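Asker: I am attaching a structure below and will ask some questions about it afterwards.
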(Lines of atoms letter the chains of each structure in order from A and count residues from 1; the text may use other names and numbers.)
(Lines give C-alpha, C1' and ligand atoms only; values in the text may rest on other atoms or scores of the structure.)
Protein backbone atom coordinates (compact mmCIF):
# COMPACT_ATOMS: atom_id res chain seq x y z
CA UNK A 1 0.00 0.00 0.00
CA UNK A 2 1.37 3.41 -0.88
CA UNK A 3 2.20 5.81 1.92
CA UNK A 4 -0.46 8.31 0.80
CA UNK A 5 -3.17 5.63 0.69
CA UNK A 6 -2.13 4.39 4.13
CA UNK A 7 -2.25 7.93 5.52
CA UNK A 8 -5.73 8.47 4.06
CA UNK A 9 -7.01 5.17 5.46
CA UNK A 10 -5.58 6.02 8.89
CA UNK A 11 -7.21 9.45 8.83
CA UNK A 12 -10.60 7.97 7.96
CA UNK A 13 -10.42 5.36 10.71
CA UNK A 14 -9.37 8.05 13.19
CA UNK A 15 -12.25 10.32 12.24
CA UNK A 16 -14.76 7.49 12.79
CA UNK A 17 -13.28 6.80 16.23
CA UNK A 18 -13.56 10.47 17.24
CA UNK A 19 -17.14 10.66 15.97
CA UNK A 20 -18.10 7.58 17.98
CA UNK A 21 -16.54 8.98 21.15
CA UNK A 22 -18.41 12.26 20.70
CA UNK A 23 -21.73 10.41 20.56
CA UNK A 24 -21.18 8.56 23.86
CA UNK A 25 -23.19 9.88 26.78
CA UNK A 26 -26.73 9.79 28.09
CA UNK A 27 -29.68 9.41 25.75
CA UNK A 28 -31.87 12.46 25.25
CA UNK A 29 -35.05 12.53 27.32
CA UNK A 30 -38.08 11.64 25.23
CA UNK A 31 -40.80 14.19 24.47
CA UNK A 32 -43.56 11.86 25.74
CA UNK A 33 -44.43 11.13 29.40
CA UNK A 34 -41.88 8.48 30.36
CA UNK A 35 -40.48 6.35 33.14
CA UNK A 36 -37.16 4.59 33.54
CA UNK A 37 -37.55 0.82 33.27
CA UNK A 38 -34.79 -1.27 34.86
CA UNK A 39 -33.89 -4.89 34.13
CA UNK A 40 -35.34 -5.21 30.63
CA UNK A 41 -32.59 -3.68 28.51
CA UNK A 42 -30.84 -5.65 25.79
CA UNK A 43 -27.02 -5.62 26.02
CA UNK A 44 -25.54 -2.37 24.66
CA UNK A 45 -28.95 -0.64 24.44
CA UNK A 46 -29.27 1.07 27.84
CA UNK A 47 -30.14 4.78 27.91
CA UNK A 48 -27.69 6.06 30.52
CA UNK A 49 -24.95 5.25 33.00
CA UNK A 50 -25.30 2.75 35.82
CA UNK A 51 -23.17 1.70 38.76
CA UNK A 52 -21.24 -0.63 36.44
CA UNK A 53 -20.90 1.42 33.21
CA UNK A 54 -20.40 5.03 32.25
CA UNK A 55 -22.74 5.94 29.40
CA UNK A 56 -25.60 4.96 27.12
CA UNK A 57 -25.16 1.80 25.08
CA UNK A 58 -22.63 0.16 27.39
CA UNK A 59 -24.68 -2.50 29.24
CA UNK A 60 -22.65 -5.69 29.14
CA UNK A 61 -25.52 -8.23 29.17
CA UNK A 62 -29.23 -8.56 28.55
CA UNK A 63 -31.53 -7.74 31.49
CA UNK A 64 -28.72 -6.21 33.55
CA UNK A 65 -30.52 -5.27 36.80
CA UNK A 66 -29.16 -1.71 37.08
CA UNK A 67 -29.46 -0.79 33.37
CA UNK A 68 -32.51 1.15 32.27
CA UNK A 69 -34.32 2.42 29.20
CA UNK A 70 -36.95 5.14 28.76
CA UNK A 71 -40.44 3.71 28.15
CA UNK A 72 -43.86 5.40 28.00
CA UNK A 73 -45.37 5.81 31.49
CA UNK A 74 -47.22 2.71 32.65
CA UNK A 75 -45.35 0.37 30.30
CA UNK A 76 -42.64 -0.93 32.64
CA UNK A 77 -45.08 -2.83 34.85
CA UNK A 78 -46.26 -4.73 31.75
CA UNK A 79 -42.77 -6.03 30.89
CA UNK A 80 -41.42 -9.28 32.30
CA UNK A 81 -38.61 -8.36 34.69
CA UNK A 82 -39.39 -4.65 34.45
CA UNK A 83 -39.04 -2.42 37.50
CA UNK A 84 -39.16 1.35 37.98
CA UNK A 85 -36.43 1.05 40.64
CA UNK A 86 -32.96 -0.43 40.14
CA UNK A 87 -32.52 -4.04 41.17
CA UNK A 88 -29.51 -5.16 43.18
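Residue numbers (our numbering): 432 to 519.
Note that the Cβ used here is the ideal one computed from N, Cα and C, for glycine as well.
This one's a predicted model, so the numbers in the text were calculated from it and none came from an experiment.
Give every residue of the same chain whose Cβ lies closer than 6 angstroms to the Cβ of residue 480, excluding the five residues on either side of it in the sequence, and list them in chain order.
Answerer: Here residue 480 refers to the residue found at position 49 when the chain shown is read from its first residue. Here the set comprises 486.
Asker: Buried or exposed for residue 511, going by 16 or more other Cβ atoms inside 10 Å?
Answerer: Counting from one through the chain shown, the residue named residue 511 turns up at place 80. Counting Cβ neighbours within 10 Å, residue 511 comes out exposed, since fewer than 16 surround it.
Asker: In this structure, how does DSSP classify residue 467 when only helix, strand and coil are distinguished?
Answerer: Mapped onto the chain shown, residue 467 falls at position 36. Three-state DSSP puts residue 467 in a strand.
Asker: As a quick exercise: from 516, 515, 504, pick the residue whose alpha carbon is nearest that of residue 462.
Answerer: Counted from its first residue, the chain shown places residue 462 at position 31. When each option's Cα is compared against that of residue 462, the closest is 504.
Asker: Please classify residue 495 as buried or exposed, where buried requires at least 16 neighbouring CB atoms within 10 angstroms.
Answerer: Sequence index remark: in the chain shown, residue 495 carries index 64 (1-based). Result: buried.
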